[in-house]
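As structure tokens, the structure follows; a few thoughts come after it.
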Amino acid sequence: MAKITIVGTGYVGSVSGACLADFGNQVICVDNNAEKIEALKNGIIPIYEPGLDVVVQRNMSCGRLSFTIDLASAIMQSNVVFIAVGTPPAEDGSADLVHVESASRQIGSLIAAYTVIVNKSTVPIGTGRKVEGWVKEELVKRGTNIEFDVVSNPEFLREGSAVYDFTHPDRVVIGSSSERALNVMKEVYRSLYLNETPYIETSLESAEMIKYASNAFLAVKITFINEIANLCEKTGANVKDVARAMGKDARIGSKFLHPGPGYGGSCFPKDTRALATIGREHNEFQNIVEKTIEVNEYQKIRAAKNIEKVLGALKNKKIAILGLAFKPNTDDMRESPSITICEYLAGCGAVLRLYDPAAMKEAQWRLASIKNSIYFAANEYDAIQGAHALVIATEWNQFRNLDLGRVKELLVEPYFFDLRNIYKPEEAESAGLHYTGIGK
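In structure tokens:
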């Protein structure tokens, strides 16, 4: 059993802390936000993540998981310290390491015995060496020479299924040149190690690159199928048939071949921009990634313009939009295509009737600039009532089985834009709806 401190209780920190405790480790999660820590102590989870509350409550009741604002006390009880703080994008697209540096220096000022310091935050290549330097600087200030190792252990969590992803990973990546640190990390992930989960042991730099390369490749794959979908619309092909056939090729695989209005969220936009910035800094331009970013932004606006093209003049037309989060099973609207679509339609004079099962609260401030053009509905049918068109922007399960006959009755005009291709055109059209999908 490892004794672990998690610095940061955001998305990665809270999921990692709860799941590592579920593996049988002793875990203390630390944050400088006293209000958030108090809420967590009372079982109130600050993020929308299915199943996380159950894991947190189970491990708190067993005494394996606790929350505090006292970093010094937590570190004194731990031999492993995870850095899971935010790395928000700077204006130039690079990752801002101010929180990572602050955490590293605090750790260096507090450790009293050998400690494995684990970078769980997504960071540029070379950050692990910087963490080593920051910790050493603090130890020099203290006039002491305590041993420590820095490990890169990137996360590969999908919002909406993060608990499953953490407990059933495709692989565990551990970047370190220290055999001692590697052995400690195997103890941290003992449950997975015994289940023969693939372990990738590599250098700090390679582990950091693996995270960016993985997310960038997935972003490229999404953007590729979106461009194919756009071409399908012009040539008469059906992108669903194309993607299904492509996915049967074992060299390609079926995942991330689902066309839509572009990717969003906390990872792909931030990580592709950061990787592109790293490439420019080293004069090794990441041209495919740069183009992926450009095409993804175009895909969002293209979806909005296609709605305008079909409906004509949008002034005073009511448009129901179902789904605001960037994907189902999360309340995260960061870089969500729905933001671009809503802002464009509102700019054309449309009145938006919005509903999302989890993201309504976040939408109120994300879309504050167009608040006078928005009605926040109580449910999906409330949003549809009196609208001139229905747009499905996020494929929540409850939107997959709408009563299309009722939808037709509630709409003023029968326009149905399925930006996630979750309905068959014939079933929508048999209900009297004018169906528009992606790539069909």
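If you read the sequence shown in our numbering, its first letter stands for residue 89, the second for the next number, and so on. Note that CB positions come from ideal geometry on N, CA and C, so glycine has one too.
Nearest-angstrom Cα distance between residue i and residue j?
i	j	result
ILE133	GLY96	14 angstroms
SER182	ARG390	27 angstroms
THR365	ASP180	7 angstroms
HIS522	ILE409	16 angstroms
SER461	LEU507	21 angstroms
TYR469	THR482	16 angstroms
LEU128	PRO513	45 angstroms
THR380	TYR136	29 angstroms
ALA160	ASP119	12 angstroms
GLY520	THR311	32 angstroms
ARG474	ALA333	Here residue 474 turns out to be Gly, not Arg, going by the sequence shown. Between GLY474 and ALA333, the C-alpha separation is close to 40 angstroms.
ILE340	GLU225	47 angstroms
THR290	ALA269	12 angstroms
LEU245	ALA456	29 angstroms
ILE510	PHE414	16 angstroms
ILE288	TYR463	49 angstroms
GLY216	LEU185	11 angstroms
LEU363	ALA295	14 angstroms
ILE407	LEU478	6 angstroms
PRO502	GLU321	21 angstroms
LEU490	ASP419	21 angstroms
SER302	LYS459	37 angstroms
GLU385	GLU423	10 angstroms
ALA122	ILE376	43 angstroms
GLU396	ASP158	54 angstroms
ALA466	MET448	10 angstroms
THR210	THR175	7 angstroms
LYS299	ALA307	12 angstroms
VAL228	VAL143	40 angstroms
By the 10 Å Cβ neighbour count, where 16 or more other Cβ atoms means buried, how is residue i classified, buried or exposed?
i	result
SER264	buried
TRP453	exposed
LYS336	exposed
MET164	exposed
CYS150	exposed
ASN371	exposed
ARG488	exposed
PHE373	exposed
ALA172	buried
ASN318	buried
GLY435	exposed
THR323	exposed
GLY43	Summary: the structure shown does not reach residue 43, with the chain confined to residues 89 through 528, and so no result is reported for it.
GLN387	buried
ASN147	buried
GLN194	buried
LEU282	exposed
ALA201	exposed
ASN241	buried
GLY411	buried
ASN417	buried
GLU247	buried
How close, in whole Å, do the beta carbons of residue i and residue j come, if the pair is a contact with beta carbons under 8 angstroms?
i	j	result
ASN347	GLY131	Before going on, a small fix: residue 347 reads as Pro here, not Asn. That belief does not hold up - the Cβ atoms of PRO347 and GLY131 are roughly 40 angstroms apart, past 8 angstroms.
SER166	THR232	Contact flag wrong, Cβ pair sits at about 18 angstroms.
VAL103	ALA109	The pair is not a contact, with the Cβ atoms about 11 angstroms apart (cut-off 8 angstroms).
THR524	VAL398	6 angstroms
ALA392	LEU433	6 angstroms
GLY350	PRO425	5 angstroms
GLY105	MET89	GLY105 to MET89, Cβ: 15 angstroms. No contact.
VAL219	SER192	5 angstroms
Could you work out which residue in the options is closest to residue i when comparing CA atoms only?
i	options	result
VAL276	VAL204, SER209, LYS322	VAL204
ASN207	ALA200, VAL223, ASN485	VAL223
TRP484	ALA162, ALA446, LYS459, PHE356	ALA446
TYR99	PHE254, HIS476, ALA201	PHE254
LEU402	VAL439, GLU385, LYS415, ALA200	VAL439
HIS476	GLU369, LEU280, ALA307, LYS496	LYS496
GLU235	THR215, ASP491, SER266, SER209	SER266
PHE305	GLY353, THR360, ALA331	THR360
TYR443	ILE480, LEU140, THR428	ILE480
SER493	GLU515, PHE505, GLN486	Checking the displayed sequence, the identity of residue 493 turns out to be Gly instead of Ser. Of GLU515, PHE505, GLN486, the residue nearest in Cα terms is GLU515.
LYS358	LEU345, GLU369, PHE344, GLU378	GLU378
ILE313	VAL143, LYS328, LYS299	LYS328
ILE429	GLY352, LEU499, PHE356	GLY352
SER354	GLU293, ALA325, PRO177	PRO177
VAL261	ASP237, MET297, ARG230	MET297
Counting contacts by CB-CB distance shorter than 7 angstroms, is residue i in contact with chain E?
i	result
GLY335	No chain E is present in this structure, which holds just one protein chain.
**Request:** Taking only runs that begin and end inside the stretch 208-292, name each unbroken beta strand (DSSP E) of 3 or more residues, in chain order.
**Result:** 236-240, 260-263, 287-290
**Request:** Let me know the beta strand (DSSP E) ranges lying completely inside the stretch 438-491, each 3 residues or longer, listed in chain order.
**Result:** 439-443, 462-464, 477-480
**Message:** List, from N- to C-terminal side, the alpha helix (DSSP H) runs of 4 residues or more that fit wholly inside the stretch 155-217.
**Reply:** 159-164, 186-198
**Message:** Quick check on the DSSP output: what are the complete alpha helix (DSSP H) runs of length 4 or more inside the stretch 105-146, in order along the chain?
**Reply:** 122-129
**Message:** Threshold first: 4 residues or longer. Then list the alpha helix (DSSP H) segments lying entirely within the stretch 297-356, N to C.
**Reply:** 327-335
**Request:** List in chain order: all unbroken alpha helix (DSSP H) runs of 4+ residues lying wholly within the stretch 410-439.
**Result:** 425-435
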